[in-house]
Structure formats: C-alpha cells, structure tokens
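FYI, the numbering for the sequence shown is 157 to 412, going by my numbering.
For each residue, glycine too, the CB sits at the ideal point set by N, CA and C.
Since the structure is predicted, the reported quantities are computational estimates derived from the model, not experimental observations.
Right, one structure below, let's go through it.
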Amino acid sequence: MSDREEDYFRFLDMPAELRNRIYDFAAETQADQPRCVLPCLALAQACQRLRTEYRPICMKRKIIIDWQKVASYMRTFFPTINSRIDNIELTPSSMTVVTPWRGEKRGNELQLDILPMVKIGLYRPGFTCYFIHDDKSLERARAASSIDVYIGYILRYLRENTASLETIIDHRNVEWLSDIQTGKITRILISDIGICGQPQALFYVNTVDMGLGDNVGVESSQRTTIEAAYFESVGLLDIWPWSVGFRHFPALRRAK
C-alpha cells in the first residue's frame, strides 16, 4: 500500500468573494424554524481566520428563537456586563421570539428580561423584534373553544400581549430613552405570556424617591398612582390593552 497525502479542499485559498458567498449560504436560517443555536456556528470555531470572517456574518443573521431559549442565547452571545451588552455590534438584524400557547399556568412561570432587546434597538436603529405564537399551539387553543367559554378572552390576550411587548422595544419617548441610557431602568421582566391568564410585566427602577416597595405582591392605591404617573411620563401608559382586562400589566418595582 502506497503512502499518499490526504486530499483536502483548500477553502482558505479561494477568493474572498467566493468564501463570503459560502458564508452567506451557511448562515441562512429557515424562515419557519425556531432555533436556539445559530446555523453552522461550529464553522466559526474551525480556525482563527474562519472565526474572523464568518462569525460576524453568522451573528448578524435574523434569528427565530423559542421564548424559553432567549435568556440563554443572550447570556451566551451577548452577555450584559456592567449594564452594557457585550458584542452588541454583532447583534442580529431581527429577532422573532416564538411564544407557545401553554394552557393553564403550572408553578413558577418563566420570566424574560426584554431590556437587552430594547438596548439593541437603540444601538441598531434598523433592529426589529417580533413576538409571535406558533401555529400549532394556537390550533390547540382554538380546538379548546368548544369546551372553554373563556377562549375568546384568552385569544385576545394572545394577540394583545405580544403587541404590547413590540411597542415597548420600539418606544422612543425622550424620557423613556433617558431612563434606559442612564440605567434607571434595570430590568423589564415579562411573564405569563401564552397561558390561560393575564400577562405580567415588572419594570425594575433604580431609584429611592418613588415610594415603591420591594414586595411583588403589594397592591395599594398609592402604588397604582405612582405607576400610572411614571408610565404616563414616559409615554407608555396608553399602550396597554386595558380593554381586554390587563389589570396588572405592567407594574413598577424598586431595583435591588
């Protein structure tokens, strides 16, 4: 048996234009497929040159991702360090977050901090973030309509809660932008999306002069007045669909 050298394809010897075409193809995401891992990201780990050339192309692609995977995706690729998002220049041009219908609430619901998406939108003016309910879970919800007399209200929740989230991310009120950029708003936690019940939104404010308590369960006329005054001052009071009964969406909490 004769010894002969393995025949490898010399990818890096190709012209840069051809390599970029291959990178673009590798980074394509199927439009209807949620994913928590970027397509062909392993290619960026092959060598330093591929990492330099391909990683920015891959990272900036439109992302379709399941609601439950957003937090780990952000921690892995765009962690927040000292109130700043690392690698923000590589953020995707668009994110579509799929929020499945889960029926009755079971135990502690997942909370998602959407403040990083707000900050990405400020850094990248063309950035878009959509919240959608996947078709299969909506079909299950509609199938329940024959036995659930409240299904009409539930479906209205599903439509209205996601619209409100998109409005928050796109909001450009001057006072609101100031609160985001100065760190007054430290978290925007969203929960109970896609369940049989009202969604919840907690805005954590880094201040001691608003009379806010620390207990999430506190309800009082004073708190309601403070919350309404704040959301009115930043132009967010009227975006909530009170007409469908969102009585507790949103609320303010003092940042710890």
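So is residue i buried or exposed if we call it buried at 16+ other beta carbons inside 10 Å?
i, result
"Val226", "buried"
"Pro406", "buried"
"Gly373", "Summary for Gly373: the model assigns pLDDT 46, below 50, so the residue's position carries little reliability, and this model does not support an answer."
"Ile237", "exposed"
Measuring CA to CA, which of the options is closest to residue i?
i, options, result
"Lys218", "Ile270, Phe165, Tyr286", "Tyr286"
"Ile221", "Met251, Arg240, Thr208, Arg205", "Met251"
"Pro212", "Thr236, Trp223, Thr247, Ser239", "Thr247"
"Phe283", "Met230, Val390, Phe359, Lys216", "Lys216"
"Arg205", "Ala385, Met170, Ile336", "Met170"
"Arg328", "Asp242, Leu392, Ala385", "Leu392"
"Leu278", "Phe387, Cys203, Asp335, Ile382", "Asp335"
"Trp332", "Arg280, Lys275, Thr381, Asp348", "Lys275"
"Gln337", "Arg207, Ile241, Ala202", "Ile241"
"Phe359", "Ser249, Arg410, Cys203", "Arg410"
"Ile349", "Ile288, Val330, Thr381", "Ile288"
Are the beta-carbon atoms belonging to residue i and residue j less than 8 angstroms from one another?
i, j, result
"Asp269", "Leu345", "yes"
"Thr318", "Ile395", "no"
"Ile244", "Phe233", "no"
"Glu209", "Tyr179", "yes"
"Leu266", "Ser347", "yes"
How many angstroms separate the CA atom of residue i from the CA atom of residue j?
i, j, result
"Asp290", "Thr255", "7 angstroms"
"Glu173", "Leu271", "37 angstroms"
"Lys340", "Gln356", "20 angstroms"
"Trp223", "Val253", "6 angstroms"
"Ser239", "Arg343", "10 angstroms"
"Leu408", "Phe387", "9 angstroms"
"Pro167", "Arg175", "Looking at the sequence provided, one finds Phe at residue 167 rather than Pro. About 8 angstroms."
"Asp326", "Phe181", "30 angstroms"
"Glu383", "Cys214", "41 angstroms"
"Asn362", "Cys203", "43 angstroms"
"Glu295", "Arg280", "35 angstroms"
"Ala385", "Arg177", "53 angstroms"
"Arg231", "Val330", "28 angstroms"
"Lys292", "Thr381", "40 angstroms"
"Phe165", "Ser249", "32 angstroms"
"Met273", "Arg207", "25 angstroms"
Which one or two residues does DSSP pair with residue i in a beta bridge?
i, result
"Arg409", "Tyr360"
"Ser347", "Gln356"
"Phe287", "Val253"
"Leu268", "Ile346"
"Asp169", "For Asp169, which the question treats as bridged, DSSP gives no partner whatsoever."
"Ile113", "Shown here, the chain extends from 157 to 412; a query on residue 113 therefore has no answer."
"Arg240", "Ile237"
"Ile116", "In the structure as shown, the chain starts at 157 and stops at 412, and residue 116 therefore has no counterpart that could be examined."
Compare the C-beta of residue i against all C-beta atoms of chain B and say whether one is closer than 8 angstroms.
i, result
"Phe233", "Chain labels in this structure do not include chain B; a single protein chain is all it has."
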